[in-house]
Structure formats: C-alpha cells, structure tokens
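Residue numbers (my numbering): 252 to 409. We put the CB at the ideal spot given by N, CA and C, even for glycine.
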C-alpha cells in the first residue's frame with residue numbers, strides 16, 4: 252500500500268513537472284533512463300550472485316549460523332560481513348528478508364543491514380582522500396557503534 256502511494260505521488264509530481272517544463276522533464280527522464288541502464292548490469296549480477304549463494308547455501312546452514320539462541324559471535328560476524336560488503340540497499344533489504352525466512356534471527360540480520368548501509372570499509376580509501384583521516388575514523392567508528400546499538404534494539408523489541 253505504501254509503495255502504491257509513493258508511486259502515485261511520484262507520477263503526480265512528474266505530471267506537474269511536465270506541465271511546468273516539458274523540455275526539462277524529458278531531459279531529466281532521459282538522464283534517469285541512461286543512469287538506470289548503466290546500473291542494470293551491476294544490479295542483475297548482484298541478484299544473480301545472491302541467487303547462486305542461496306542455491307548452494309541451505310536454509311539449515313543459515314539457521315545454524317545466524318539463527319537460534321542469541322550469540323555475540325553471530326552479531327559480530329554479521330556486522331563485520333555487512334561492513335565489508337558493498338551491496339546497494341535495494342538488493343540488501345530483500346536479502347535480509349530471505350535470511351529471516353531461512354531462519355536467521357533478527358539481531359544478526361539487523362547488524363548486517365545497519366553496518367552494510369552505515370559503515371563503509373570498502374570506501375575508506377575514498378573517504379580518507381576526500382574527508383581526511385580524523386573524520387573517516389570518527390564517522391566509521393560511530394557508525395559501527397550506532398549500527399550495533401540499532402541491531403541490539405531491534406533484537407530486544409522484535
């Protein structure tokens with residue numbers, strides 16, 4: 252239902268944009284189309300990779316490592332895995348749902364998702380260059396702490 256409301260709102264804004272400036276709206280849509288087509292191979296390859304992983308990784312194994320009783324090792328491993336991965340949220344959120352459906356607990360999955368979106372070990376070289384050492388360390392350190400706090404809160408309240 253929420254997705255339908257968002258899509259209707261986006262279409263309404265697109266219509267208003269067409270009314271305001273037909274030429275600019277067509278130009279923006281053209282740019283969006285080419286950017287989307289540029290991202291398509293990466294998204295398709297990520298979806299295929301996730302499909303292959305789930306084809307060879309039985310749900311029982313996922314349940315064994317990420318499910319069952321609460322363990323700091325589970326949460327730490329999931330957080331570390333999320334921090335070093337470079338997966339768009341568009342792919343990561345369905346992956347998290349699949350992990351939960353396969354028997355994973357909410358806390359490690361939340362740790363994976365929050366560190367995936369908040370901590371950027373892969374982007375550290377770029378951050379060091381653009382932001383400097385101090386800001387990079389503070390940003391990633393605080394992001395890791397807050398990601399783990401969020402994961403534990405999700406585990407407590409769900």
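Contact between the stretch 362-373 and the stretch 321-339 is present: three or more C-beta pairs spanning the two stretches fall below 8 Å. In this structure residue 330 is in contact with residue 399, their Cβ atoms being roughly 6 Å apart against a cut-off of 8 Å. One thing to note: residue 402 has its Cβ no nearer than 8 Å to the Cβ of residue 370. Take the alpha-carbon of residue 407 and the one of residue 351: they are about 16 Å apart.
In this structure, residue 336 lies away from residue 300, with their beta-carbon atoms at least 8 Å apart. Between the alpha carbons of residue 373 and residue 332 lies a distance of about 11 Å. Judged by DSSP secondary structure, residue 372 falls outside any alpha helix (DSSP H); it is assigned neither H nor E.
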